[in-house]
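Quick notes on the structure that follows.
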Amino acid sequence: MMVAATLKGLRRLLSGFTWAFTGNPILTKEMATRVRGWQSPSMLLLYPLFLGGAVLLLFRFVYGLRGPLNPEVGWAVYTVLALGQLGLLAVVVPALTSGVISGERERQTLDLLTTTQMSAFAIVIGKLMGSLAYALLLIVVSLPVFSIVLFFGGVQLTDLLALLLIYFMTAVTYGALGVFVSSWLRRTQVSAVLTYILVFLLLIGAPMLGAAIYSRQQWVHHQSGQYLGRGRTPIITHFSPIPAMLSRLPAGDALQLWGLDENRAAYAYGTVVHTTPAAAPGATPPTPGGTVGSGSSGAPSSPSAQPALPKPPDPLVAHAVFDGILVILLVAGSSLLVAPVKPWQRRNRRELRWRR
Amino acid sequence: MINVNGLVKNYGKVRAVSDISLQVDEGAIYGFIGPNGAGKTTTLKVLATLLVPDRGTATIGGYDVVGQPLQARGLLGYMPDFFGVYDDLRVTEYLDFYAGAQGITIGKSQRRLRDDLLELVDLAVHRDKYVDSLSRGMKQRLCLARALVHNPRVLLLDEPASGLDPRARVEMRELLKELRSMGKTILISSHILKELTDLCTHIGLIDNGEILYSGTLSEALRRATGTVVALRLAEPREGLALWLAEQPGVNHVFVDGERAEFVYEGNQLAIGGLLQRLVEGGFPVVSFTEADGDLEEVFMNLTRREE
């Protein structure tokens, strides 16, 4: 009897979960109304034109289009585009999501939604997907511009796919953050401000703090007289998509072109701590901030003195894990905030009935 | 169909609803009457699965609104006192959206049902208009259509006629009569008491979070008829309130200058005797009449507090 009830509950949960993603009326409504009017379609047309124009200007005035097209220039343009579009996502996604639930409250439509057959989870997922659909459309329409760099060579299709994956994860994470803050706070304006602050902290604050922690580690190890290789990337660094993105760009010329020399970018590469007893013969003491070689292999600079250490996690994987956990927590939190009857209240009520 | 038992709901230290119990049978139209802040909206929100009570139970069609909210929602259509609309949707899209939210697949038959619903609320000619362009009365009717989109057996209507002009009120009342003839169980809260008189089969009077009366309308009217006495003296007299309060069968005494109103529990002969005693007591009575017994009087009698 208990097993049957559990199975029934699981079946209902699964069907509700599937419905939230496939038959969600909020998603249909949001997508239909978002492209209504002239603003959104115009933006979809103008955005790739703007990006294309920026690329042309970059070629014309920065590189002058002299000589044969070479991969180095391709990578440089690709880096600008990749980071620029990431910045755009950080601006657009909070704007799209930070008012989705608080706006419903302000419009006094949330009560009408929560008294339907839609669960709080379905409402949150519908709102999230409906808002993100537009941001993802912007990414899709930018793809032709990104494909320009393929002409230069050097950028592989897999690099482009990895970039798309990072964009997708970033959009979903920042979107979930916006929905959560919007579910938590009643006023859309306050919600938007807080969402932007949190996005800034995740995007820029986390790697900055990571860099500070990294430098501190290096300095402490240096003071203690221990030999240190490139050091371990602080976990907080992976909260930002930038290290994951940089890990898919060449650490050499392209980064240096944009002021990211190898030392500064090093923490982004998920390198390994190599500690040995102080004053290992032949070991070269590092400078604070770390000394790095190019690439992400984590090869020690003094191989004979280093023990074999496990390979560090790929920054993209580490970031994906962080994003995945954060999105699950944020969606669950938003669902709890939106639900008029919380799960523990339902359980209490069942117990009450049973006792009677 | 609706069962509320010992409902208590507090907002912080403020008690909004205090031990409310009521029962609404299938097909009944239950008028929920009370002044602002009496606890009507809180009770309706608990029934609509939007609020969790601190104590007590509420069921819709046998489903506990806290333990089985999804099942209860399937049976009820809720229209709040204040509501918003999506201004970027057309009338038909608005109804289709809520039909989808109720888990109804939008197909040919659902579109036909939606068109019938628009006919019912007299919005068929406005079907392609944007919701935002509708008048308040039309929006109220559209919201009612939204509440009906999944053909619920129970309707919870919180002040459905508030803010409407007289014509829109009449249209709303006619619509509710139509729904009554369709066999819906309706719980309606309103301040427009006279309009509820020819609509409701049952009423519940609520004040200060407590139910003062719950039962059939005919019983409420029977109680009211002949019990409210309006009295006027030639000039104000001190001691009138005290004198009236000491008389057997006199309740809810309200004195304002030379005028007084009170509820008298007794037959016509006893009322005559009371008048005689008043005159013999030296009060210069100018008029002594029984008030008309309508829902408003019932409400006034039961919600009037002692000064």
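Residue numbers (the numbering used here), protein chains in the order written: chain A, 412 to 767; chain B, 209 to 515. Even for Gly, the Cβ is constructed at its ideal location relative to N, Cα and C.
Item                                                                                                                       : Value
First through last residue of the beta strand (DSSP E) which encompasses A/Ile646                                          : Counting along the chain, A/Ile646 falls outside any beta strand (DSSP E), and DSSP gives it neither H nor E.
Whether A/Gly485 touches A/Phe563 by CB criterion (8 Å)                                                                    : yes
Identity of the residue in A/Ile608, A/Val590, A/Val491, A/Met540 nearest A/Val556 by Cα                                   : A/Val491
Burial state of B/Tyr238 (16 or more Cβ within 10 Å)                                                                       : buried
Supposed contact pair A/Glu441 and A/Ala544 - C-beta distance, whole angstroms, cut 8 Å                                    : 7 Å
Given 8 Å, three or more beta-carbon pairs between the region 312–321 of chain B and the region 269–279 of chain B         : no
Chain B within 8 Å of A/Val560, Cβ atoms only                                                                              : no
Stretch-stretch touch, CB-based, cutoff 8 Å, three pairs: the region 434–448 of chain B with the region 464–474 of chain B : yes
Short CB-CB distance (under 8 Å) between B/Phe305 and chain A                                                              : yes
Alpha-carbon spacing of A/Leu547 relative to B/Val357, whole angstroms                                                     : 33 Å
Alpha-carbon spacing of A/Val728 relative to A/Met656, whole angstroms                                                     : 11 Å
Option nearest B/Leu425 by Cα separation, candidates B/Val232, B/Leu383, B/Gly490, B/Lys217                                : B/Val232
Distance, B/Asn459 Cα to B/Glu473 Cα                                                                                       : 8 Å
The region 580–592 of chain A touching the region 738–747 of chain A, judged by at least three CB pairs closer than 8 Å    : yes
C-alpha distance - B/Ser398 paired with B/Gln348, whole-angstrom precision                                                 : 14 Å
Among B/Pro288, B/Phe496, B/Thr497, nearest to B/Leu364 - alpha-carbon criterion                                           : B/Pro288
B/Phe462 - containing beta strand (DSSP E), residue span                                                                   : 458–464
Classification of B/Asp272 by the beta-carbon crowding that lies within 10 angstroms, buried from 16 upward                : buried
Through-space distance from A/Glu517 to B/Asn213, alpha-carbon basis                                                       : 32 Å
Segment contact, 8 Å Cβ cut-off, at least three pairs: the region 517–531 of chain A with the region 293–312 of chain B    : yes
Interface partners of B/Pro277 on chain A, CB under 8 Å                                                                    : Pro751, Val752, Arg757
N- and C-terminal bounds of the beta strand (DSSP E) containing B/Asp415                                                   : 410–415
A/Gly744 (DSSP reduced to helix, strand or coil)                                                                           : helix
Residue burial classification, A/Arg627 (beta-carbon count within 10 angstroms, cutoff 16)                                 : exposed
Segment limits, alpha helix (DSSP H) that includes B/Thr300                                                                : 299–309
Nonlocal neighbours in the same chain, by C-beta distance under 7 Å from A/Leu596, ignoring five residues either side      : Ser513, Ser602, Leu605
Neighbourhood of A/Leu614 by C-beta, 6 Å cutoff - its chain only, sequence neighbours within 5 removed                     : Ala501, Ser651
6 Å CB neighbourhood of A/Ala750 in its chain, flanking five on each side removed                                          : Ala531
8 Å Cβ cutoff met for A/Pro645 and A/Gly621                                                                                : yes
Sub-8 Å separation of B/Asp336 and B/Arg388 beta-carbons                                                                   : no
Own chain partners of A/Thr508 with C-beta closer than 6 Å, once the 5 adjacent residues on each side are dropped          : Ser542, Gly586, Gly589, Val590
Three-state class that DSSP yields for B/Glu418 in the structure shown                                                     : strand
Chain A contacts from the region 311–325 of chain B (Cβ-Cβ distance under 7 Å)                                             : Gly311
Presumed contact (8 Å Cβ cut-off) between B/Pro261 and B/Val222, rounded CB distance                                       : Actually they are not in contact, since the Cβ atoms of B/Pro261 and B/Val222 sit about 15 Å apart, beyond 8 Å.
Contact belief for B/Leu283 with B/Arg361 at Cβ below 8 Å, rounded distance in angstroms                                   : 5 Å
Cβ-based burial, B/Ile210 [other Cβ within 10 Å; buried from 16]                                                           : buried
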